[in-house]
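To start, the structure under review is shown below, and the notes come after it.
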Amino acid sequence: MMDEIDIAYFSAREREEAEKANEAEARGAHPQMVKLHRDLANRYRDKRVAIRTPG
21 MMDEIDIAYF SAREREEAEK ANEAEARGAH PQMVKLHRDL ANRYRDKRVA IRTPG
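Those letters in the sequence shown? Residues 21 to 75, by this note's numbering.
Now the structure itself:
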């Protein structure tokens, strides 16, 4: 049960950070800010995948 909640949380956070990256890029924010949000999205994706991966 907790894994399902964690997966949903990490999935939502991944989408939020990806959206923030896209918005930052669209408004011409500093490239490091865009990279930060993309990196965070990747970290949340990695955590979500790790929970789903057995062993």
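Where is the CB? At the ideal position from N, CA and C, for every residue including glycine.
task: With DSSP as the reference, label PRO74 as helix, strand or coil.
output: Judged by DSSP in its simplified three-state form, PRO74 adopts coil rather than helix or strand.
task: Apply the 10 Å Cβ neighbour rule to ARG68 and answer buried if 16 or more other Cβ atoms are within range, or exposed otherwise.
output: By the C-beta density criterion, ARG68 is buried, having at least 16 other C-beta atoms within 10 angstroms.
message: Would the segment 21-33 count as touching the segment 42-54 if we require 3 or more Cβ pairs under 8 Å?
response: At 8 Å Cβ cutoff, the stretches do not touch.
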